[in-house]
Amino acid sequence: MALLTLQGVTKRFGGLVANNNVSFTVEEGEILGLIGPNGAGKSTLFEQITGFYPPTAGRIRFRDHDLVGLRPDQVNRLGIGRTFQKVRPFLGMTVIENVMVAAMQYDPNPVKARRDARTFLEIFELADKQDTGARSLSIGERKRLEMARAMATKPRLLLLDEVTGGVDQRTIPMLLQLISRLRKEQGLTLVVIEHNMRVIMSISDRIVALHLGEVIADGPPAQVVKEHRVIEAYLGDAFVVPAAGEVPGR
Amino acid sequence: MATTGTVEATTHGSGSRRTFGLILLGLLVAVALAFPIVFQLPYHRDLAIKVLLFAMLAQAWNILAGYCGQVSLGHAVFFGTGAYTSSVLQMAWGVNPWFGMVIGVVLAVALSQVIGYPCFRLRGHYFAIATIAIGEIIHTLAINWEFIGGARGLTLPIQRDSLAAFQFHSTKYLYYYIILGLMSLCFYITWRIERARLGYYLKAVREDGAAAQSVGISITKYKLMAMALSAGFMAAGGTFYAQYVLYLDPDSVFPLSLSILVCLLTVVGGTGTLWGPLVGSALMLPLSEFTRIKWGGTGSAVDLLIYGALLTIMAVFQPAGLVGMFRRWGRR
Numbered sequence: 709m710a711l712l713t714l715q716g717v718t719k720r721f722g723g724l725v726a727n728n729n730v731s732f733t734v735e736e737g738e739i740l741g742l743i744g745p746n747g748a749g750k751s752t753l754f755e756q757i758t759g760f761y762p763p764t765a766g767r768i769r770f771r772d773h774d775l776v777g778l779r780p781d782q783v784n785r786l787g788i789g790r791t792f793q794k795v796r797p798f799l800g801m802t803v804i805e806n807v808m809v810a811a812m813q814y815d816p817n818p819v820k821a822r823r824d825a826r827t828f829l830e831i832f833e834l835a836d837k838q839d840t841g842a843r844s845l846s847i848g849e850r851k852r853l854e855m856a857r858a859m860a861t862k863p864r865l866l867l868l869d870e871v872t873g874g875v876d877q878r879t880i881p882m883l884l885q886l887i888s889r890l891r892k893e894q895g896l897t898l899v900v901i902e903h904n905m906r907v908i909m910s911i912s913d914r915i916v917a918l919h920l921g922e923v924i925a926d927g928p929p930a931q932v933v934k935e936h937r938v939i940e941a942y943l944g945d946a947f948v949v950p951a952a953g954e955v956p957g958r
Numbered sequence: 345m346a347t348t349g350t351v352e353a354t355t356h357g358s359g360s361r362r363t364f365g366l367i368l369l370g371l372l373v374a375v376a377l378a379f380p381i382v383f384q385l386p387y388h389r390d391l392a393i394k395v396l397l398f399a400m401l402a403q404a405w406n407i408l409a410g411y412c413g414q415v416s417l418g419h420a421v422f423f424g425t426g427a428y429t430s431s432v433l434q435m436a437w438g439v440n441p442w443f444g445m446v447i448g449v450v451l452a453v454a455l456s457q458v459i460g461y462p463c464f465r466l467r468g469h470y471f472a473i474a475t476i477a478i479g480e481i482i483h484t485l486a487i488n489w490e491f492i493g494g495a496r497g498l499t500l501p502i503q504r505d506s507l508a509a510f511q512f513h514s515t516k517y518l519y520y521y522i523i524l525g526l527m528s529l530c531f532y533i534t535w536r537i538e539r540a541r542l543g544y545y546l547k548a549v550r551e552d553g554a555a556a557q558s559v560g561i562s563i564t565k566y567k568l569m570a571m572a573l574s575a576g577f578m579a580a581g582g583t584f585y586a587q588y589v590l591y592l593d594p595d596s597v598f599p600l601s602l603s604i605l606v607c608l609l610t611v612v613g614g615t616g617t618l619w620g621p622l623v624g625s626a627l628m629l630p631l632s633e634f635t636r637i638k639w640g641g642t643g644s645a646v647d648l649l650i651y652g653a654l655l656t657i658m659a660v661f662q663p664a665g666l667v668g669m670f671r672r673w674g675r676r
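So the protein lines, in turn, are chains Z and S.
Following my numbering, the numbering of the first sequence begins with 709 at its first residue and continues without gaps.
Following my numbering, the numbering of the second sequence begins with 345 at its first residue and continues without gaps.
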């Protein structure tokens, strides 16, 4: 059985349709890449899975639970962690306190939560900054802090919203390594929103492409990037190269 | 074991700083206990009682606004609820004021949940505005409610001096020790909260509600908890005030100016810090008394000018409050 199932998820903001009848599944243990041009409705989908926006229509199931109607904190306690597209660390706290707050879900005792938090900071290579204020971190460090914070709630499914966005090119490989390590060591399932095509191609087991709120492709990376509708969505139909024996895009 | 030691040390500050803190706390307690013995004048004792009362009220406000980030400007509601509950119970049914204080606290906590639940849907300024409106509504209701004395207010029946009756006439210093005890309890609980999960959760809600939710924190639940604690201490302060002054009317226990004062004292001292409310109260109340005596009086209002100027300076240059300023110096 799929870990997460989206069924006909639709989100309208007034007249704007952000997601239209989106259906796909996420299997246990896989890394699913979610791609699509700006405004395709990727982040809106995350907001609905995590309970921040209620869907206008459709069903979202995680394990045996119906997520629609749950609050974000309830969704997290069921085992879904997330990061934000625009990072949201607790700026007035130190780095380790940021992670402690998350770890306290399992260990109310601050001393123990601190020990827990420390191990996550080590994984995300922030241990040497543990007592600095979150405010003084760089963007890349903030993104890692958010991942550490989300992981400290011990999720089974982690939703990452553009973790490489605005990050120094040299640190991207390190982030990717971390992501594959998390899957291997923690048995984590991930849904990753990414703009960087090289990144998404290298880490995803499967890719779902969105365009104008709808799913336009769902399959293995190599196949999805060759889909006419995906190339068309990103670059316009002038760039669609007809493959031998195929009829060019409409 | 060595790792536990370092964890402890980093959580609660290094050893020497801890010792320094304990010495400072010991001195503070000694000064507080000795105050009415050293200062015999009723005027000084009255001022000290006000400082302690307002330190407690400011701390109550600080739990909700400083730690949890929900700025309320209607906190007089809970102060008035405490003052009126114990007083009306006492006058109508002869209920002991200590017991009345407990009932006042319970009522204020219940009221805080009724007010908080809808208001916490509002964010930032809108929450503050809603609390002002509710404060004024309840103030007006109290003025027009004849059963509790209406605009004329209530004069509590005079009784013989005793701790049980919560009244002292020959020597007022017992009031001083009662409020010192209440305030200490309030500060102790705040100190415990600061070090517990609740404190971390409240700060997380203050820093970023959405991020707090994303790590499993129910923001409504924790805002309501902060509100309950805050309202409870306000109400306890209200009963103390009623027993101390033995007269109350809506304008003395429900005014907007009271709500604003507890906010200002905390802002000057340092919001979201344990000692901020005491520092603010201990500095600003004597200052306002002093300037009023020195330059106040008919129409000159120099005292208010100085008070206002100080607040403006603090807000502009030292938004972290005096405690925040000392901390920065301490780190250098």
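Every residue gets a Cβ at the ideal spot worked out from N, C-alpha and C, and that includes glycine.
{"query": "Status (buried if at least 16 other CB within 10 Å, exposed otherwise) for residue 488 (chain S)", "result": "exposed"}
{"query": "Residue from S:386, S:530 and S:558 whose Cα sits closest to the Cα of residue 811 (chain Z)", "result": "S:558"}
{"query": "Residue-chain proximity (residue 351 (chain S), chain Z), Cβ-Cβ < 9 Å", "result": "Confidence at residue 351 (chain S) is low in this model, with a pLDDT of 41, below 50, so the placement of that residue should be treated as unreliable; the coordinate-derived value is given next. Residue 351 (chain S) counts as touching chain Z."}
{"query": "Beta carbon proximity, residue 541 (chain S) to chain Z, threshold 9 Å", "result": "yes"}
{"query": "Residue 797 (chain Z) and residue 850 (chain Z) closer than 9 Å at C-beta", "result": "yes"}
{"query": "Given 8 Å, three or more beta-carbon pairs between the segment 850-867 of chain Z and the segment 802-821 of chain Z", "result": "yes"}
{"query": "Short Cβ contact (9 Å threshold) for residue 743 (chain Z) with residue 938 (chain Z)", "result": "yes"}
{"query": "From Z:907, Z:898, Z:892 and Z:862, residue whose alpha carbon lies closest to that of residue 881 (chain Z)", "result": "Z:907"}
{"query": "Check whether residue 870 (chain Z) and residue 847 (chain Z) have beta carbons under 9 Å apart", "result": "no"}
{"query": "Closest residue to residue 829 (chain Z) among Z:897, Z:773 and Z:860 (Cα-Cα distance)", "result": "Z:860"}
{"query": "Near-chain Z residues of the segment 542-556 of chain S - C-beta to any C-beta below 8 Å", "result": "544, 545, 547, 548, 550, 551, 552, 554, 555 and 556"}
{"query": "8 Å Cβ cut-off: residues of chain S touching residue 799 (chain Z)", "result": "551 and 552"}
{"query": "Contacts that residue 560 (chain S) makes with chain Z (C-beta to C-beta distance below 7 Å)", "result": "781, 784, 785, 813 and 861"}
{"query": "Assigned secondary structure, residue 922 (chain Z) (DSSP; H/G/I helix, E/B strand, else coil)", "result": "strand"}
{"query": "C-alpha gap between residue 671 (chain S) and residue 749 (chain Z), whole angstroms", "result": "46 Å"}
{"query": "Burial state of residue 348 (chain S) (16 or more Cβ within 10 Å)", "result": "The predicted model places residue 348 (chain S) with a pLDDT of 39, which falls under 50 and marks its position as unreliable; any figure quoted below should be read in that light. Exposed, because fewer than 16 other Cβ atoms sit within 10 Å of the Cβ of residue 348 (chain S)."}
{"query": "Endpoints, alpha helix (DSSP H) assigned at residue 557 (chain S)", "result": "553-558"}
{"query": "Presumed contact (8 Å Cβ cut-off) between residue 611 (chain S) and residue 659 (chain S), rounded CB distance", "result": "7 Å"}
{"query": "Residues near residue 944 (chain Z) in its chain [Cβ-Cβ closer than 6 Å; skip 5 each side]", "result": "none"}
{"query": "Given residue 759 (chain Z) as reference, the closest of S:481, S:555, S:505 and S:372 once Cα atoms are compared", "result": "S:555"}
{"query": "Nearest-angstrom Cβ-Cβ length linking residue 434 (chain S) and residue 444 (chain S), presumed shorter than 8 Å", "result": "6 Å"}
{"query": "Within 9 Å, strictly: CB atoms of residue 578 (chain S) and residue 426 (chain S)", "result": "yes"}
{"query": "Within-9 Å CB hit, residue 563 (chain S) to chain Z", "result": "yes"}
{"query": "DSSP bridge partner residues for residue 732 (chain Z) (one or two, in chain order)", "result": "Z:714"}
{"query": "Within 9 Å, strictly: CB atoms of residue 408 (chain S) and residue 573 (chain S)", "result": "yes"}
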